[in-house]
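Take a look at the structure set out below.
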Amino acid sequence: MFLIYGGGELILEGYSDASFQSDDDDAKSQSGFVFKLNGGVVAWKSSKQATTVDSTMEVEYMAASKAAKDAVWMNNYVQKSWVWYIALLSP
4 MFLIYGGGEL ILEGYSDASF QSDDDDAKSQ SGFVFKLNGG VVAWKSSKQA TTVDSTMEVE
64 YMAASKAAKD AVWMNNYVQK SWVWYIALLS P
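Residues 4 to 94 (our numbering) make up the sequence shown, in order.
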């Protein structure tokens, strides 16, 4: 359950990034993402990718693909969850 102050629309933002072959020992890349709901961070992850890739473009594509899948899940979760709005009343 989320508690959100104000009566505005829910805005879900997501960002992803990757670092090509950041581990010199096994040549694996690091990737991660962060999701914000109305400006507050609600989910994040940073991990070493399971496969070894051959280019910066490929590692960025894999990171963006994973983040897009998680964004669909996150959007469905937010839309189907009980989200309570508390309107701030001005005196």
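All C-beta atoms in this analysis are idealised placements derived from N, C-alpha and C, irrespective of residue type, glycine included.
Leaving out five residues before and five after PRO94 in sequence, what residues of the same chain have Cβ atoms less than 6 Å from its Cβ?
In this prediction, PRO94 scores a pLDDT of 44, lower than 50, which makes its location untrustworthy; no coordinate-derived value is stated.
From ALA53 to SER34, what does the alpha carbon distance come to, in whole angstroms?
Going by the C-alpha atoms only, they are around 10 Å apart.
Would you kindly check if the distance between the Cβ of THR59 and the Cβ of GLY23 is under 8 Å?
The residue asked about is misnamed: residue 23 is Phe in this sequence, not Gly. Yes, the pair counts as a contact, with Cβ atoms nearer than the cut-off.
Measure from the alpha carbon of SER49 to the alpha carbon of each residue in ASP57, TRP76, GLY42 and PHE38, then state which is nearest.
Among ASP57, TRP76, GLY42 and PHE38, the Cα nearest to that of SER49 belongs to PHE38.
Roughly how many whole angstroms lie between the Cα atoms of ASN79 and SER32?
Cα-Cα distance, rounded: 29 Å.
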